[in-house]
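If you count the sequence shown from 1, position 96 lands on 96 in full-length UniProt numbering, and the numbers rise without skipping.
No residue lacks a Cβ here, since even glycine has one placed at the ideal position from N, Cα and C.
Contents: one structure, followed by commentary.
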Amino acid sequence: MSYRILQQAAETRRSVYTLNKQLPLSVAETAQIVGHAVKHTPSAFNSQSTRVVVLFGAEHEKLWQFAENALRAIVPADRFEPTAQKLAMFKAAAGTVLFLKTKTL
């Protein structure tokens with residue numbers, strides 16, 4: 001494969017799928033996998049994220065409601081529909097993984 005084919009594949013690659021509340025693993029197993037991946041995935045200069053927060057259930061819902069409220073305050077109402085659709089897609093998931101670079105929330 002030439003480098004140009006690889007470049008084109010990277011440029012056109014898209015992962016679009018429907019998120020839902022169904023988890024193939026338990027919440028604890030999912031959180032453990034995320035923690036393990038963050039700790040052991042190679043990064044530049046071993047600079048893994050300072051913190052990872054995994055949210056499920058009410059906390060997940062609360063985060064996406066907060067995001068919607070914050071965005072409604074800055075996105076004009078007549079242009080909010082695409083943002084609302086994206087937020088609804090994320091909120092429909094079983095959980096959220098937040099990568100934080102700070103040690104405080």
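From the DSSP output, which residues share a beta bridge with residue 127?
Coverage of the chain is limited to positions 1 through 105, which leaves residue 127 absent and any answer about it impossible.
Between the segment 76-84 and the segment 1-9, do three or more beta carbon pairs fall short of 8 angstroms?
Judged by Cβ distances under 8 angstroms, the segment 76-84 makes no contact with the segment 1-9, as fewer than three pairs qualify.
Note down, in chain order, each residue of its chain lying with its Cβ closer than 8 angstroms to the Cβ of residue 106, except the 5 sequence neighbours on either side.
Because the chain here runs from 1 to 105, residue 106 falls outside it and cannot be looked at.
Three-state secondary structure assigned by DSSP to residue 51
Taking the first residue of the sequence shown as 1, we reach residue 51 at position 51. Residue state, collapsed to three classes: strand.
Flag this pair as touching only if the segment 33-52 and the segment 65-73 have three or more C-beta atom pairs under 8 angstroms; answer yes or no.
Judged by Cβ distances under 8 angstroms, the segment 33-52 makes no contact with the segment 65-73, as fewer than three pairs qualify.
In the DSSP output, which residue or residues are listed as bridge partners for residue 100?
Working through the sequence shown from its first residue, we reach residue 100 at position 100. Residue pairing of residue 100 in beta bridges, as defined by DSSP: 51.
Just the Cα atoms here: how many angstroms apart are residue 32 and residue 74?
Position 32 of the sequence shown holds residue 32. Position 74 of the sequence shown holds residue 74. Rounded to the nearest whole angstrom, the CA to CA distance from residue 32 to residue 74 is 36 angstroms.
For residue 56 versus residue 27, is the C-beta spacing smaller than 8 angstroms?
Along the sequence shown, read from residue 1 onward, the residue named residue 56 stands at position 56. Along the sequence shown, read from residue 1 onward, the residue named residue 27 stands at position 27. At the C-beta level, residue 56 and residue 27 come within 8 angstroms of one another.
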